[in-house]
Amino acid sequence: MALSSLFVSLPIPLPKLPSTSKSSRFLPIRASAAAAAPSFDLRRYWTSLISEVEGELDAAMPIRPPESIHNAMRHAVLPGAGKEGAAKRAPPVLCVAACELLGAPRAAALPTAAALEMLHGASLVHDDLPCFDAAPTRRGRPSTHAAYGTDMAVLAGDALFPLAYTHVISRTPSPDPVSHAVLLRVLAELARTVGSTGMAAGQFLDLAGASALGEAEVMQVLTKKFGEMAECSAACGAMLGGAGPDEEAALRRYGRAIGVLYELVDDMRSASGNGKMRSNASVLRALGMDRALGIVEELKAQAKTEADRFGDKYGDRVLPLYSFVDYAVERSFELQDSAAKP
Amino acid sequence: MAAFHPLVASRVRLAAPLLPVAAPAAVVVAAAGPSFHQRRFSAIVAAATAPAATEFDFKAYMGERAVAVNGALDAAVPAGEPPATLHEAMRYALLAGGKRVRPALCLAACVVSGGREAWAMAPAAAVEMVHTMSLVHDDLPCMDDDDLRRGKPTCHVMFGEPIAVLAGDALLALAFQHMASVDSYPPDVDPAKHTARVVRAIGELARCIGSEGLVAGQVVDLEMTGSTEPVPLDRLEYIHLHKTAALLEASVVIGAIIGGGSEEQIERLRKYARSIGLLFQVVDDILDVTKSSEELGKTAGKDLASDKTTYPKLLGLEKSREFAEKLLSDAKEQLAYFEKEKAAPLLYLANYIAYRQN
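Here the protein sequences come in this chain order: A and B. The first sequence maps to residues 1 to 342 in the numbering used here. The second sequence maps to residues 343 to 700 in the numbering used here.
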């Protein structure tokens with residue numbers, strides 16, 4: 001099949017480097033962010049969110065009959081602290097941060113944050129199957145099909161997708177403060193993101209060998225598999241927080257840039273997996289280290305430019321967004337000891 | 343074997359007086375407008391001398407719904423959009439024909455609950471997407487390992503296993519996306535109540551197909567298939583209530599919710615759906631031992647060959663048929679609560695499920 005026919009004609013988020021004036025415009029805010037740094041501790045923020053999200057996930061999947069499927073679902077979503085560390089839960093953190101940026105209560109976003117992990121987990125379970133990546137382990141533990149059998153892994157994924165929607169509907173405080181109309185937009189956003197033009201497209205393109213090709217193809221796989229999930233996280237947080245159209249659009253761009261940035265840095269940091277879906281071919285081999293570093297800088301600048309839009313209006317509440325960007329690049333701390341809760 | 347079911351006599355009663363598909367010209371004129379079927383039905387009832395229940399043209403009803411549902415499904419999957427092969431695989435599985443029983447149930451439940459049929463078209467398409475997804479994953483080598491579905495090669499035979507897994511996942515996502523999107527509904531829905539109904543309906547669908555619904559049935563079925571012990575009757579019922587009835591329940595209940603049904607209407611329709619869901623599977627078991635592969639469009643005798651527990655094996659063929667009869671009358675009992683004309687499609691659907699030949 002002609003690979004060129006597969007490619008989605010989306011604007012690959014290879015952002016233009018911000019102009020000098022823009023960079024200097026955001027420097028003062030960055031400086032104030034640095035000055036205010038002691039008041040915002042990303043590690044503490046993230047750690048407390050992980051335990052809240054894990055609490056939601058734990059409560060959403062009690063062991064009940066048939067036990068085998070619920071065990072398999074828990075295995076897929078609540079990996080605990082394996083030898084490569086606990087799940088970082090980046091999509092939920094992004095979702096909650098976007099919601100809180102807008103001044104809305106955390107409780108509005110937490111159920112959706114947990115749902116993002118269920119959808120993410122379901123995709124990983126299917127991605128690890130023998131007919132795909134055939135991954136025997138994930139995060140230092142047996143992958144779901146290795147632990148529970150291929151048939152159970154298919155079904156665990158199939159059950160996690162609808163559980164995500166059930167969870168959002170049953171746990172989001174609605175109709176107040178989250179209206180039913182917003183709830184429907186969130187549900188549609190979640191479904192679109194894991195569907196045939198989102199993550200499933202990324203998995204398909206990866207399968208078709210797109211990531212062994214040139215930069216445009218590699219970036220497209222990264223965007224579909226990782227960028228859109230992060231975009232969805234930020235967009236859902238925006239909607240739940242009551243964002244206006246411009247704010248939602250800015251948070252979408254921010255999320256997409258952060259998602260690709262995160263993955264790219266992961267690929268640069270380690271040749272083999274520590275928790276995320278791996279691209280079948282090494283992204284670095286296709287891009288080259290120099291170009292990859294260049295893209296990292298572009299994405300970092302783009303994400304900060306988007307966060308910059310919120311600085312005047314929301315003051316210090318924009319700090320989590322800034323610090324994610326730096327963390328995505330620098331990985332200045334580890335989260336695993338904090339996330340060992342089952 | 344001559345009569346496949348003790349109720350076969352009543353099947354003759356149903357089949358014989360069916361109206362010709364083309365209605366008389368005067369009736370067609372009267373029928374123009376949104377309540378086409380209802381009015382045509384009323385007009386015929388007024389003119390007819392035969393019992394009202396035999397006047398409903400079920401074949402035409404199902405044919406028209408299948409066309410409308412196929413149109414909605416065709417429009418819902420982005421055919422031209424890349425990745426082309428993934429969308430092709432989704433369309434291959436989704437548009438392979440089939441009787442569209444679940445969408446028809448959804449549409450009929452919406453109307454019987456007081457809604458307009460068009461309100462429920464998106465949910466009707468969604469339940470067919472979920473149904474298709476479950477078939478695509480069910481046919482995989484690691485599950486039932488079927489090469490043939492509706493007389494055609496299965497999705498994974500045509501496109502390979504990984505694409506079949508992804509196509510199923512994508513259909514599942516599309517079902518929820520389609521149902522949640524405002525654009526999927528006509529403009530005449532009740533603006534004050536519609537969004538809350540859609541939220542509730544999506545929750546109902548998700549619950550019915552998850553680890554306490556459809557998937558639970560598949561899991562227990564898988565666990566039983568590996569065992570050499572015969573499956574006890576209550577386990578068999580558990581499997582069917584979840585594996586088959588849950589999605590029929592979702593179809594009917596979300597139709598009723600979107601149609602604005604009362605709580606009592608919704609619960610009666612839920613009971614109706616559970617009865618016909620179980621009935622569906624009992625009849626399936628009977629057909630598997632009484633029909634050929636050609637007649638079924640899938641491999642016949644597979645249950646026997648795989649030593650799978652079925653109702654005929656546990657109860658014998660006659661007792662299985664009696665059970666089917668009981669389930670059918672349970673379903674009809676729930677429908678007695680509704681306006682007779684509006685409930686006609688659901689009544690005929692129950693009969694159809696009881697007396698189908700494949």
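The C-beta atom is built at its ideal place from N, Cα and C for all residues, glycine as well.
For Gly559 of chain B against Ala588 of chain B, the beta-carbon gap comes to about 7 Å, under 8 Å, which counts as contact. Put simply, the CB of Pro465 of chain B is far from chain A, with every gap to its CB atoms at 8 Å or more. Note that the C-beta distance between Ala115 of chain A and Val77 of chain A is not below 8 Å.
Using a Cβ-Cβ cut-off of 8 Å, Val318 of chain A does not count as an interface residue toward chain B, since no Cβ of chain B sits closer than that to its own.
Close CB contacts of Gly315 of chain A within its chain, under the 7 Å cut and outside five residues either way in sequence, are absent. Here DSSP, grouped into helix, strand and coil, assigns Lys304 of chain A to helix.
Residue contact with chain B for Arg74 of chain A: absent (no Cβ-Cβ distance below 8 Å to any residue of chain B). One thing to note: Pro162 of chain A has its Cβ within 8 Å of the Cβ of Gly552 of chain B. Around the beta carbon of Glu217 of chain A, a 10 Å sphere encloses 16 or more other beta carbons of the protein chains shown; the residue is thus reported as buried. Here the region 439 to 451 of chain B lies against the region 679 to 695 of chain B, with 3 or more beta-carbon pairs under 8 Å apart.
Burial check for Ile63 of chain A: the Cβ neighbour count within 10 Å stays below 16, so the residue is exposed. Against chain A, the CB of Asp576 of chain B has no partner CB under 8 Å away; the residue lies outside that interface. Annotation note: the region 154 to 187 of chain A contains no uninterrupted alpha helix (DSSP H) run of length 4 or greater.
When the beta-carbon positions are compared, Ala414 of chain B and Ala460 of chain B stay at least 8 Å from each other. Taken through DSSP and simplified to helix, strand or coil, Leu102 of chain A comes out as coil. Taking a C-beta distance under 8 Å as the contact criterion, Leu578 of chain B and Leu656 of chain B qualify as a contact pair. Going by beta carbons, Leu621 of chain B and Ala696 of chain B fall inside the 8 Å limit. In this structure the region 194 to 208 of chain A does not touch the region 55 to 75 of chain A; the number of beta carbon pairs closer than 8 Å is below three. Looking at the DSSP output, Arg141 of chain A sits in a beta bridge with A:Arg138. Burial state of Ala515 of chain B is buried, judged by a 10 Å Cβ sphere holding 16 or more other Cβ atoms. Taking the CA atoms as reference points, Glu263 of chain A sits about 32 Å from Cys497 of chain B. Gly619 of chain B has its alpha-carbon roughly 14 Å from the corresponding atom of Arg610 of chain B. Annotation for Pro654 of chain B: Asp627, Ile628, Val631, Ser662 place their beta carbon closer than 7 Å to its own, counting only its chain and skipping 5 residues before and after. At a cut-off of 8 Å between beta carbons, Ala188 of chain A contacts chain B. Listed in chain order, the alpha helix (DSSP H) runs fully inside the region 214 to 248 of chain A are 215 to 222, 228 to 240, counting runs of at least 4 residues.
Within the region 456 to 484 of chain B, His479, Leu482, Cys484 place their CB atoms closer than 7 Å to a CB of chain A, listed in sequence order. Here Ala60 of chain A has His167 as same chain residues with Cβ atoms under 6 Å from its own Cβ, once five neighbours each way along the sequence are excluded. Interface criterion not met: the Cβ of Ala135 of chain A is under 8 Å from no Cβ in chain B. With fewer than three CB-CB distances shorter than 8 Å, the region 115 to 134 of chain A does not count as touching the region 243 to 252 of chain A.
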